[in-house]
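Shown next, in structure tokens, is the structure this report addresses.
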Amino acid sequence: MSRFPNNLTIADGEDRVQTMDETFELDMEKEFEMAGEPFEEDKEFENAVGRTMFDTANSKDHTVTVIVPKGKTGIIAAQSLVRIASLPPERGGDGRKYIGAVVEGPFAEPDGLRGDSPLMVTTTARGGIFMPPYHGRVQVGILGEETEDGSVVPPRFRPIPNSPVFVLDDQETAAKLGLGGDIAIGYAVGFDDLPVQIPSNRKSVLPRHLGILGTTGGGKTTTVSGQVMQYQQAKMATILFDTEGEYTAIGFPTEDKNMIRLLASQGKVPAGANNVHVYHLVGRETTADKSTSTHSFKVDFSSLSPYSAADILGLTEAQRDRFIKAYDVLKLVLRDLDIFPKRGNKHEETQVLEIDEFESGYPQVTLSRLIDIVGFFLDFLSKKSDGDKPNKKSKDKTPETSEAEAAAFQTFEPFNFEFKDDKARSIIRRRISTVDTKSEVSWGALKSKLWLLHRTKVFDVPAPAIPYKQMLQPGHVSIVDLSDTDSPIINNLVIATILRGLQLAQEEAYKEAQSKATNPTPTMIIIEEAHEFLSRERIAKMENLYQQVARIARRGRKRWLGLTFVTQLPQHLPDEVLGLVNNYILHKIGDSNVISRLKRSIGGIDDGLWNRLPNLAPGQAIVSMASMTRPLLVSINPTPCKLRMID
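Start counting the sequence shown at 1; every next residue gets the next number (our numbering).
Written as structure tokens, this is what we have:
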């Protein structure tokens, strides 16, 4: 048999083909016979897929070039994990072992020629047949140095040239990459059967928060619904803010033909999530089926931080100043009228001292009472003459001034009955008269915004409160349906209120669990359309809201409370929010500017994966988790649950 299986041949017409000189080939065969037996590799190279090459001027830190013989290029694929085992010192090596991952390639290169050399280009352009011997080349990113016990530590050196390279099998790859767990995400691309899983029982993973980002049509909804199903099966508590009503049918099996086909390919069948409950605002509709467990709820304005409320309402600086002044006056009036805290009630007095208004509101501060106080301010200002400023000290006022002020308060008709009698009016007048304020325009604009909010009839109305403790039960899936509000402001107020309530409830559960030497129920809160809740454009004006979310994020990490931010517009998500997230599932993102920004915020993803992000197919995603040694390109599992409004 010839030792030259790949001969240089040049087409010459349709029927005649010229080959290399047969005499030359026979002479070479004789030379091989005279040399003896064929060359045999050392045992260190047995089963090796390739060898490391020398570095060049274009070499980079933490990556090495590996040359792969032609017959083995199909063994090593993109994302493959490899072991680089240097030769022993007596053979010219250093005896170290390294674990790496293929970050570029495999590429095919002709032996001794450039792929774009004139000979290759000319023969191809003229219809020639030229197939010289070739080899494969891959770039391997070094993940770490492998110790004797099999653990991987940060590398201190580079692999030396001519080190044998071995491909790890799927089982060893999963162990090295940390892909074990009870939450299944999908299968790694480039492997025959390598499931990607994460653990729900490790505080260092999901409680460190998750970002699911990607443009429309990339598969985010499928990913979210599949994760909810997995969380429920792992006995986690899940709360999902559904702004479009897409997930209210998640308790039923999918009816999508394409999804059913994909499930069948994995040996799975459609199935709905268990223990699903849909919550909706009182007076608002829900997209949930009648057979689904549904619950209406109200929002107490007093549970919302006044500073966060001002952020969400988008108040101007002047309106914000008047909002806080009205809020402070109302607190004093509630005390004066013995509404809160009641005289002699030590518990309520202590409660007042412990209130942090940057995190929560003041008890008994309802939206209607606040509107009444704003109305008193506005009516008082409108009936004061230019010479009689409402902030004059009492010693400077004439009897005529006091009578005018009293008359102003007698004509305004408040909404709340506790403000209607003369005693209440006198108390309110006294409190307002000490406030330095003016500008009827700003007070009027503030009152209009508060009235628009009040007309939604979702605040402080007769309805059940939000059952936070029930939401935090193991395996409980709570879908908060906000699809019928038609108002991002209402959505954001509801989300902020529930976030704070869940945080307090989880802290109580954490204290109780600690007293029993156990852990509270792991909880995941999923915020759809996260860019609407915390906008990049408005983050400078929503500092208090962001700080509230940041506090929840920081405290949640220690209390098994995780946040998931989902958006199809990652360019509108603030850097401050990205800084809170340690885990990512990135679907297709085509905008290079967005990718560049994400690269600055997300570490550990190599350029090879970033370059693939704009061209990902629906259902594919780059997965980067705290439990994983390195990010992977993953084919996300199909969801067995039913989704609304999908293509």
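In this text, a Cβ means the ideal position worked out from N, Cα and C, and glycines have one as well. These numbers come from a predicted model, not from an experiment.
| query | What's the C-alpha gap between ALA101 and LEU632? | reply | Here the question's residue 101 lines up with position 101 in the sequence shown. Here the question's residue 632 lines up with position 632 in the sequence shown. Each residue's alpha carbon lies about 10 Å from the other.
| message | Whole angstroms are fine: how far does the CA of GLY150 sit from the CA of LEU504? | response | Counting from 1 along the sequence shown, the entry for residue 504 is found at position 504. Counting from 1 along the sequence shown, the entry for residue 150 is found at position 150. Distance between the alpha carbons of LEU504 and GLY150: 43 Å.
| field | For VAL299, the nearest candidate out of LEU367, VAL278, ARG554, LEU569 (CA to CA) | value | Mapped onto the sequence shown, residue 299 falls at position 299. Nearest C-alpha to VAL299: LEU367.
| request: Report yes if the CB atom of THR63 is closer than 9 Å to the CB atom of ARG137, and no otherwise. | output: Stepping through the sequence shown from its first residue, residue 63 is reached at position 63. Stepping through the sequence shown from its first residue, residue 137 is reached at position 137. In this structure, ARG137 does not lie closer than 9 Å to THR63 by Cβ.
| task | Flag this pair as yes or no: are the beta carbons of VAL566 and GLY267 separated by less than 9 Å? | result | Reading the sequence shown from its first residue, position 566 is the one you call residue 566. Reading the sequence shown from its first residue, position 267 is the one you call residue 267. No, Cβ-Cβ distance for VAL566 and GLY267 is not below 9 Å.
| field | Nearest candidate by alpha-carbon position, reference PRO159, set GLU172, GLN171, ALA174, VAL140 | value | Taking the first residue of the sequence shown as 1, we reach residue 159 at position 159. Cα-wise, what sits closest to PRO159 is VAL140.
| At a cut of 8 Å, does the segment 204-224 reach the segment 583-592 through at least three beta carbon pairs? | Output reads yes: the segment 583-592 touches the segment 204-224.
| C-alpha distance - GLU148 paired with ARG91, whole-angstrom precision | As a position in the sequence shown, residue 148 is number 148, starting the count at 1. As a position in the sequence shown, residue 91 is number 91, starting the count at 1. Whole-angstrom Cα-Cα distance: 20 Å.
| Pairwise C-alpha distance: VAL365 and LEU569 | Walking along the sequence shown from the start, residue 569 turns up at place 569. Walking along the sequence shown from the start, residue 365 turns up at place 365. Spanning the two alpha carbons is a distance of roughly 36 Å.
| query | Taking the continuous alpha helix (DSSP H) assigned at MET259, which residues delimit it? | reply | For the purposes of this step, residue 259 is taken as residue 259 along the sequence shown, with counting starting at 1. For MET259, the enclosing alpha helix (DSSP H) stretches over residues 257-265.
| query | Are the beta-carbon atoms belonging to GLN620 and ARG597 less than 9 Å from one another? | reply | Taking the sequence shown and counting its residues from 1, the one referred to as residue 620 is at position 620. Taking the sequence shown and counting its residues from 1, the one referred to as residue 597 is at position 597. With contacts defined by Cβ atoms closer than 9 Å, GLN620 and ARG597 do not form a contacting pair.
| said: I need the straight-line Cα distance from VAL121 to GLY115, nearest angstrom please. | reply: Reading the sequence shown from its first residue, position 121 is the one you call residue 121. Reading the sequence shown from its first residue, position 115 is the one you call residue 115. Distance between the alpha carbons of VAL121 and GLY115: 8 Å.
| message | Could you pull the DSSP bridge partners for MET524 from this structure? | response | As a position in the sequence shown, residue 524 is number 524, starting the count at 1. Per DSSP, THR238, GLY562.
| For the segment 535-555 against the segment 171-182, are there 3 or more C-beta pairs whose distance is under 8 Å? | By the criterion of at least three beta-carbon pairs nearer than 8 Å, the segment 535-555 is not in contact with the segment 171-182.
| field | DSSP three-state assignment for ILE539, whether helix, strand or coil | value | Sequence index remark: in the sequence shown, residue 539 carries index 539 (1-based). Helix.
| field | PRO574 vs LEU613 beta-carbon contact at 9 Å | value | Here residue 574 corresponds to residue number 574 of the sequence shown, with the count starting at 1. Here residue 613 corresponds to residue number 613 of the sequence shown, with the count starting at 1. With a cutoff of 9 Å on beta-carbon distance, PRO574 and LEU613 are scored as not near each other.
| ILE75 lies in the beta strand (DSSP E); which residues open and close that run? | What you label residue 75 is simply residue 75 of the sequence shown in a count that begins at 1. Element bounds for ILE75: n/a, residue is neither H nor E.
| said: My parser needs the beta strand (DSSP E) runs of 3 or more residues fully inside the segment 198-242; what are they? | reply: 210-213, 237-242, all fully within the segment 198-242.
| message | Please report the straight-line C-alpha distance between PRO306 and ILE324, rounded to a whole angstrom. | response | The residue labelled residue 306 in the question sits at position 306 within the sequence shown. The residue labelled residue 324 in the question sits at position 324 within the sequence shown. Using only the alpha carbons, I get a separation of about 7 Å.
| task | Look at the Cβ atom of ASP648, then the Cβ atom of ARG284, and state whether they are nearer than 9 Å. | result | Residue 648 lies beyond the residue range present for the chain, which begins at 1 and ends at 647; the question has no answer from this structure.
| Relative to the C-alpha of LEU240, which residue among THR287, ILE525, LEU580 is closest? | The count along the sequence shown starts at 1 and reaches residue 240 at position 240. Across the set THR287, ILE525, LEU580, the C-alpha of ILE525 shows the shortest separation from the C-alpha of LEU240.
| said: Extract the residue ranges of the beta strand (DSSP E) inside the segment 478-528, only unbroken runs of 3 or more that lie entirely within it. | reply: Counting whole runs of 3 or more residues, the segment 478-528 contains the beta strand (DSSP E) stretches 523-527.
| request: Spatial neighbours of GLY217 within its chain, please: CB distance less than 7 Å, with the 5 preceding and 5 following residues excluded, ordered by chain position. | output: Looking up residue 217 in the sequence shown gives position 217. Apart from sequence neighbours up to five positions away, the residues of its chain that approach GLY217 with a beta-carbon distance below 7 Å are PRO618, ordered along the chain.
| For the candidate residues ARG630, ASN637, THR639, whose alpha-carbon lies nearest to that of LEU177? | Taking the sequence shown and counting its residues from 1, one reaches residue 177 at position 177. Of ARG630, ASN637, THR639, the residue nearest in Cα terms is ARG630.
| request: Check the C-beta distance from LEU561 over to THR523 and give it rounded, since I have them as a contact under 8 Å. | output: Position 561 of the sequence shown holds residue 561. Position 523 of the sequence shown holds residue 523. The Cβ separation is near 5 Å, so the contact holds.
| Within 10 angstroms of its Cβ, does VAL153 collect 16 or more other Cβ (buried), or is it exposed? | Against the sequence shown, residue 153 aligns to sequence position 153. Around the CB of VAL153, fewer than 16 other CB atoms lie within 10 Å, so the residue is classed as exposed.
| task | In the DSSP assignment, find the unbroken alpha helix (DSSP H) run with LEU119 in it and report its ends. | result | By one-based count along the sequence shown, residue 119 stands at place 119. According to the DSSP assignment, LEU119 belongs to the alpha helix (DSSP H) that extends over 118-125.
| query | Taking just the CA atoms, how far does SER117 sit from ARG126? | reply | Numbered from 1 along the sequence shown, position 126 holds the residue referred to as residue 126. Numbered from 1 along the sequence shown, position 117 holds the residue referred to as residue 117. Between the alpha carbons of ARG126 and SER117 lies a gap of roughly 14 Å.
| task | Give the straight-line distance between the Cα atoms of VAL581 and THR223, rounded to the nearest whole angstrom. | result | Position 581 of the sequence shown, counted from the first residue, corresponds to residue 581. Position 223 of the sequence shown, counted from the first residue, corresponds to residue 223. When only Cα atoms are considered, VAL581 and THR223 end up about 17 Å apart.
| task | Specify, as a first and last residue, the run of the alpha helix (DSSP H) that ALA85 falls within. | result | Locating residue 85 in the sequence shown gives position 85, counting from the first residue. Counting along the chain, ALA85 falls outside any alpha helix (DSSP H), though it belongs to the beta strand (DSSP E) covering 81-85.
| task | Using only alpha-carbon positions, find the residue among ASP55, LYS60, GLY105 that is nearest to ALA648. | result | No information on residue 648 is available, as it lies outside the stretch 1 to 647 that the chain covers here.
| Relative to the alpha-carbon of ASN201, which residue among VAL594, ARG559, TYR546 has its alpha-carbon at the smallest distance? | The count along the sequence shown starts at 1 and reaches residue 201 at position 201. Selected option, being the one with the closest Cα: ARG559.
| query | In whole angstroms, what separates the C-alpha of ILE636 from that of TYR187? | reply | The residue labelled residue 636 in the question sits at position 636 within the sequence shown. The residue labelled residue 187 in the question sits at position 187 within the sequence shown. Just so you know, the alpha carbons of ILE636 and TYR187 end up roughly 7 Å apart.
| field | Simplified DSSP state of GLY144, which is helix, strand or coil | value | As a position in the sequence shown, residue 144 is number 144, starting the count at 1. In the structure shown, GLY144 sits in a strand (DSSP, three-state: E or B).
| said: Taking the alpha carbon of LEU453 as the reference point, which residue from HIS135, ASP422, LEU313 has its own alpha carbon closest? | reply: Against the sequence shown, residue 453 aligns to sequence position 453. The residue with the shortest Cα to Cα distance from LEU453 is LEU313.
| task | Pull up the distance between the alpha-carbon of TYR468 and that of GLY501, whole angstroms please. | result | Here the question's residue 468 lines up with position 468 in the sequence shown. Here the question's residue 501 lines up with position 501 in the sequence shown. About 7 Å.
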